[in-house]
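Student: Just dropping this structure here.
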Amino acid sequence: MSLVLKNVSKTFGRKLVVDNISFTVDRPGVYGLLGTNGAGKTTTIRMLLGIIKKDKGDITWKGSVVDRKNVNFGYLPEERGIYPKTKVIDQLMYFAELKGMKKEEALKAINKWAKELKVEEYLDMPAEKLSKGNQQKVQFMTAIIHDPELVVLDEPFSGLDPVNTEILKNIIIGLVKKGKYVIMSAHQMPTIEEFCSDILILDKGKTILQGNLKEIKDSYPANRVEIDVKENIDSYIKEFNLEIENVTNNNYVIKITEEEMAHKLLEKLIKEKVKVDKFEIKKPTLNDIFIEKVGE
Amino acid sequence: MSDILTIMKFTIKDMVKRKSFIISTIIILVLIIGGFNVPNIVKLFNDDNSGNKLLIVDNNDIFEGNLKELKGEELGYNISVVKASFDDVKKKIENKDIDEAIIIEKENNNINIRYIVPSIGMMSEMPNDLIDSLSSLYSNIQISKLNLTKEELEAITPNFTYSMEQTSDEEATGNILVMMLMSIVLFYAIYFCAYQVSSSITIEKTSKIIETLVTSTSPKNIVLGKTLGIGIVGLGQMILIVGTAIISALLFLDSNLLSMVLDMSNITISLGIITIIYFILGYFTYALLYALTGSTVSKPEDIQSANTPIAILVVVGFYLSYFTMMNPASNLNLFASLFPLSAPFCMPFRVMMGLANGIDVAISIGILVVTILIIAKVAIKIYSNAILNYGTKLSFKDIISMYKDK
Chain A
0 MSLVLKNVSK
10 TFGRKLVVDN
20 ISFTVDRPGV
30 YGLLGTNGAG
40 KTTTIRMLLG
50 IIKKDKGDIT
60 WKGSVVDRKN
70 VNFGYLPEER
80 GIYPKTKVID
90 QLMYFAELKG
100 MKKEEALKAI
110 NKWAKELKVE
120 EYLDMPAEKL
130 SKGNQQKVQF
140 MTAIIHDPEL
150 VVLDEPFSGL
160 DPVNTEILKN
170 IIIGLVKKGK
180 YVIMSAHQMP
190 TIEEFCSDIL
200 ILDKGKTILQ
210 GNLKEIKDSY
220 PANRVEIDVK
230 ENIDSYIKEF
240 NLEIENVTNN
250 NYVIKITEEE
260 MAHKLLEKLI
270 KEKVKVDKFE
280 IKKPTLNDIF
290 IEKVGE
Chain B
0 MSDILTIMKF
10 TIKDMVKRKS
20 FIISTIIILV
30 LIIGGFNVPN
40 IVKLFNDDNS
50 GNKLLIVDNN
60 DIFEGNLKEL
70 KGEELGYNIS
80 VVKASFDDVK
90 KKIENKDIDE
100 AIIIEKENNN
110 INIRYIVPSI
120 GMMSEMPNDL
130 IDSLSSLYSN
140 IQISKLNLTK
150 EELEAITPNF
160 TYSMEQTSDE
170 EATGNILVMM
180 LMSIVLFYAI
190 YFCAYQVSSS
200 ITIEKTSKII
210 ETLVTSTSPK
220 NIVLGKTLGI
230 GIVGLGQMIL
240 IVGTAIISAL
250 LFLDSNLLSM
260 VLDMSNITIS
270 LGIITIIYFI
280 LGYFTYALLY
290 ALTGSTVSKP
300 EDIQSANTPI
310 AILVVVGFYL
320 SYFTMMNPAS
330 NLNLFASLFP
340 LSAPFCMPFR
350 VMMGLANGID
360 VAISIGILVV
370 TILIIAKVAI
380 KIYSNAILNY
390 GTKLSFKDII
400 SMYKDK
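From first to last, the protein sequence lines stand for chains A and B.
Heads up: the first sequence is residues 0 to 295, going by numbering that gives the first Met the number 0.
Heads up: the second sequence is residues 0 to 405, going by numbering that gives the first Met the number 0.
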């Protein structure tokens with residue numbers, strides 16, 4: 000077992016913000032922490048890294064308490080921060096040195112990551128002159144520059160445009176390939192689905208769902224059918240008393256409660272010689288599961 | 000330790016590269032150099048009378064032909080004595096034959112002396128040396144008529160010796176004014192450097208960099224590294240300013256004027272070292288207090304109000320030292336030199352005045368060091384617990400509970 004959180008709780012004043020949560024990360028990959036705003040994700044991450052003290056429970060990394068001395072970790076906080084007047088390269092060097100890197104080693108790593116994150120041209124500029132997205136990428140560099148084995152990313156994609164999101168995604172995939180452990184909190188469900196092997200959903204500080212993402216999804220019955228046809232099939236859908244969730248250019252998304260209904264609809268369409276380009280029975284998305292669980 | 004040095008180096012580099020720092024330092028240095036040149040500048044713009052043609056008119060022979068004696072005095076004028084009317088004088092001035100004139104007239108029992116110039120400016124007045132010379136010449140003429148002996152003349156000329164003595168055994172030496180001035184310089188140096196620590200910490204909270212920083216090193220390293228860095232920059236700036244002031248004084252001030260203001264025999268290397276030690280200790284005392292208050296706010300607009308209690312302490316410490324300096328042998332001044340909040344502003348000057356010995360200095364430094372250690376412990380503890388507090392300024396009650404929080 001690498002990272003273990005056992006019965007961890009935290010109270011601010013009289014408010015219980017994290018209530019007895021436990022999870023384990025036992026292999027390299029991305030572990031997703033999900034939850035609405037104020038669910039306790041950031042507090043969990045801060046306790047995990049020892050930034051704030053937990054009231055109860057145990058947090059260990061390979062058997063030792065998680066702190067700067069025992070664990071080589073990198074952290075991208077949710078609150079984005081940068082020294083506005085300082086040159087990008089100077090602040091990157093500063094954090095690299097604080098993380099124990101030698102000057103030459105740090106410079107090499109800065110140039111490598113700056114190239115991958117496409118911020119090379121901004122290294123000699125004061126950070127305040129960079130766009131928000133580029134500032135975020137610079138801060139991401141401070142989290143990974145020292146090649147940490149545990150990387151904790153709090154909402155890494157929030158505020159990024161699609162191009163920068165893609166760049167960051169590729170880097171996270173690269174980290175996982177190198178055997179790194181990544182803990183990531185995010186709001187964007189498609190992103191979590193894309194990356195995370197395991198997830199934990201928090202609501203008001205309580206764990207409401209956790210486990211392997213594929214197993215969670217498999218435990219849910221199919222709830223939609225997507226059909227791509229060349230003509231209007233509204234009448235057939237109505238015949239089976241099915242509800243259309245969305246329709247665009249004869250691409251239908253239809254809600255179902257059991258798979259059998261989808262099979263009957265397909266039989267009907269074939270019988271009526273409707274040209275079907277695509278017919279897919281879909282399991283609920285993570286977004287569906289999240290809304291169902293948090294909305295309960 | 001290496002993290003403290005890294006933070007210290009980064010803080011120094013970051014501060015000295017800032018345009019605001021460079022510009023303000025240059026402005027201060029220019030003002031100092033300019034300030035010491037004020038007497039030279041004033042001299043440059045003042046009318047220089049040397050070589051001016053001065054006509055003295057004594058139609059009634061009031062000075063009994065003795066006015067020619069003025070020529071022998073070093074008044075710097077080219078003097079000629081004539082009998083002439085006002086119109087003649089006016090014509091000569093208009094024709095630039097002469098620069099100015101003095102007309103001496105008698106009206107009843109009064110002697111009128113009219114000083115005639117081409118035009119009267121706002122600051123124009125009859126030169127004092129001329130007035131003194133004329134008065135003295137007239138007195139001498141009148142005294143000589145009394146036929147006094149040398150002894151009688153000496154007897155009516157006052158020849159007093161003034162001195163001031165004290166009953167106390169402790170003797171203060173040195174120029175109090177200079178000490179007060181230096182005390183003010185020390186106060187501002189300590190106050191402004193220490194204040195920087197507070198704003199530097201708040202800026203890290205405002206720019207949200209703090210969370211990245213506390214996962215990179217310990218709060219203790221951050222507070223100490225930052226305090227050291229700002230202190231070194233402040234000390235460097237103070238040495239630069241005081242050095243510029245001393246060099247400017249030696250270069251630009253008239254040596255007689257300089258010796259009147261500053262007794263250089265009081266300024267010794269050991270006094271310089273003691274002043275630097277007290278600057279460092281005073282700076283640490285207040286900088287750590289400011290680190291504490293800086294960590295309790297997260298908005299720049301709250302810094303001022305959060306720092307007010309510390310500002311009051313600095314001012315109380317300074318005035319305790321400043322006002323008791325008027326009577327440096329008093330017990331209150333002795334207390335001020337030992338009390339940690341006022342000692343940095345007071346003890347260097349007691350040393351300068353020869354009122355403090357090595358034991359006094361050692362006791363005072365000991366008290367300051369213990370105070371700094373206590374403040375550092377409290378400040379680091381509160382900083383560690385308060386840095387992630389965003390939003391409203393922490394109340395005194397919050398700060399106390401943060402200190403108690405394990």
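C-beta atoms are modelled at their ideal positions from N, C-alpha and C, and glycine is treated no differently.
Keep in mind the model is a prediction, meaning the values are calculated, not measured.
Please name the residue in Leu145/B, Asn58/B, Thr274/B and Ile130/B whose C-alpha comes closest to that of Lys105/B.
Tutor: Of the listed residues, the one whose Cα sits closest to Lys105/B is Asn58/B.
Student: Would you please state the rounded distance, in angstroms, between the beta carbons of Thr5/B and Ile229/B? I believe it to be under 8 Å.
Tutor: With a Cβ gap of about 15 Å, Thr5/B and Ile229/B do not count as contacting.
Student: Using DSSP with H/G/I as helix, E/B as strand and the rest coil, what is Tyr74/A?
Tutor: Of the three classes helix, strand and coil, the one that applies to Tyr74/A here is strand, per DSSP.
Student: I need the straight-line Cα distance from Met7/B to Arg79/A, nearest angstrom please.
Tutor: C-alpha separation (whole angstroms): 23 Å.
Student: Starting from Phe62/B and walking both ways along the alpha helix (DSSP H), at which residues does that stretch end?
Tutor: Unbroken run through Phe62/B: none, as it is neither H nor E.
Student: Give the straight-line distance between the Cα atoms of Lys227/A and Val275/A, rounded to the nearest whole angstrom.
Tutor: The amino acid occupying residue 227/A in the given sequence is Asp; Lys does not appear at that position. Rounded to whole angstroms, Asp227/A to Val275/A spans 6 Å at the Cα level.
Student: Within its chain, find whatever has a CB closer than 7 Å to the CB of Met124/A; leave out the 5 residues flanking it on each side and keep chain order.
Tutor: Same-chain partners within the cutoff: Lys86 and Val87.
Student: Per DSSP, what are the beta-bridge partners of Val150/A in this structure?
Tutor: The partner list for Val150/A (beta bridge, DSSP) reads Gly73/A and Val181/A.
Student: Closer than 7 Å between beta carbons: that is the criterion. Which residues of the stretch 194-207 of chain B meet it against chain A?
Tutor: Within the stretch 194-207 of chain B, the qualifying residues are Ser206 and Lys207.
Student: Please look up how many angstroms separate the CB atoms of Val241/B and Val184/B, rounded, as I've assumed it's under 8 Å.
Tutor: Yes, Val241/B and Val184/B are in contact; Cβ-Cβ is about 7 Å, under 8 Å.
Student: Taking DSSP as the reference, what is the three-state secondary structure of Arg228/B?
Tutor: Note that residue 228/B is Gly in the sequence shown, not Arg. In the structure shown, Gly228/B sits in a helix (DSSP, three-state: H, G or I).
Student: Determine, using beta carbons only, whether Leu48/A comes closer than 7 Å to chain B.
Tutor: Yes - at least one Cβ of chain B is within 7 Å of the one on Leu48/A.
Student: Should Val296/B be flagged as near chain A, meaning a C-beta pair shorter than 7 Å?
Tutor: No, because no Cβ of chain A sits closer than 7 Å to the Cβ of Val296/B.
Student: List the residues of chain B that Gln138/A touches, going by C-beta distances under 8 Å, in chain order.
Tutor: Under the 8 Å cutoff, chain B gives Thr211.
Student: Can you check which of these residues, Asn51/B, Phe85/B, Thr226/B and Asp253/B, is closest to Val37/B by C-alpha distance?
Tutor: Among Asn51/B, Phe85/B, Thr226/B and Asp253/B, the Cα nearest to that of Val37/B belongs to Asp253/B.
Student: Can you give me the C-alpha to C-alpha distance between Met181/B and Tyr289/B, rounded to a whole angstrom?
Tutor: Computed Cα separation, rounded: 23 Å.
Student: Please report the residue range of the beta strand (DSSP E) in which Asp202/A lies.
Tutor: Per DSSP, Asp202/A belongs to the beta strand (DSSP E) from Cys195 to Asp202.
Student: What is the rounded straight-line gap between the Cα of Leu69/B and the Cα of Gly353/B?
Tutor: For Leu69/B and Gly353/B, the distance between alpha carbons rounds to 49 Å.
Student: Return the chain-ordered ranges of every alpha helix (DSSP H) run that is complete within the stretch 196-245 of chain A and spans a minimum of 4 residues.
Tutor: List check, alpha helix (DSSP H) in window: 212-217 and 233-238.
Student: If you reduce the DSSP assignment to three classes, tell me which class Asn326/B lands in.
Tutor: Note: Asn326/B maps to coil in three-state DSSP.
Student: Using a Cβ-Cβ distance under 7 Å, would Phe20/B count as near chain A?
Tutor: Output row for Phe20/B: interface = no.
Student: Within the same chain, show all residues whose beta-carbon is closer than 6 Å to that of Phe94/A, passing over the 5 residues directly before and after it, in chain order.
Tutor: Excluding positions up to five away in sequence, the list reads Thr141.
Student: Since Arg17/B meets chain A, which of its residues come closer than 7 Å, beta carbon to beta carbon?
Tutor: Per Cβ cutoff of 7 Å: Lys84.
Student: Taking the alpha-carbon of Leu267/B as reference, which of Leu337/B, Phe348/B and Gly120/B has the nearest alpha-carbon?
Tutor: Here the sequence assigns Thr to residue 267/B, which means Leu is not the residue at that position. The shortest C-alpha separation from Thr267/B is found at Phe348/B.
Student: Mind the definition here: the stretch 278-294 of chain B touches the stretch 134-143 of chain B only if three or more C-beta pairs lie below 8 Å; say whether that holds.
Tutor: In short, these stretches do not touch, since the Cβ pair count stays below three.
Student: Using a C-beta cutoff of 7 Å, does Ser394/B count as contacting chain A?
Tutor: Judged by the 7 Å Cβ criterion, Ser394/B is not in contact with chain A.
Student: Lys380/B: which of Ile364/B, Ile189/B and Val222/B sits nearest, CA to CA?
Tutor: Lys380/B has its Cα closest to that of Val222/B, out of Ile364/B, Ile189/B and Val222/B.
Student: 7 Å is my cut-off, CB to CB: does Tyr345/A come that close to chain B?
Tutor: In the structure as shown, chain A starts at 0 and stops at 295, and residue 345/A therefore has no counterpart that could be examined.
Student: Tell me, to the nearest whole angstrom, how far the beta carbon of Ile253/A is from that of Ile236/A; I am working on the premise that it is less than 8 Å.
Tutor: Sure, about 6 Å apart at Cβ, within 8 Å.
Student: So, under 8 Å CB-CB, Thr201/B and Pro299/B are touching, yes? Tell me the CB distance rounded to an integer number of Å.
Tutor: Confirmed, Cβ separation roughly 6 Å.
Student: Using three-state DSSP, classify Thr247/A as helix, strand or coil.
Tutor: In this structure, Thr247/A counts as strand in the three-state DSSP scheme.
Student: Would you say the stretch 257-275 of chain A touches the stretch 52-72 of chain A, given that touching needs at least three Cβ pairs under 8 Å?
Tutor: Judged by Cβ distances under 8 Å, the stretch 257-275 of chain A makes no contact with the stretch 52-72 of chain A, as fewer than three pairs qualify.
Student: Whose C-alpha, out of Phe194/A, Val16/A and Glu154/A, is nearest the C-alpha of Asn169/A?
Tutor: Of the listed residues, the one whose Cα sits closest to Asn169/A is Phe194/A.
Student: So that I know if they touch, is there some Cβ in chain B lying closer than 7 Å to that of Glu313/A?
Tutor: A question about residue 313/A goes unanswered here, because the residues of chain A that appear run from 0 up to 295.
Student: Would you list the one or two residues that DSSP bridges to Ile115/B?
Tutor: Looking at the DSSP assignment, Ile115/B forms a beta bridge with Ala100/B.
Student: So which of Asp2/B, Pro327/B and Tyr382/B has the shortest CA-CA distance to Met100/A?
Tutor: Nearest C-alpha to Met100/A: Asp2/B.
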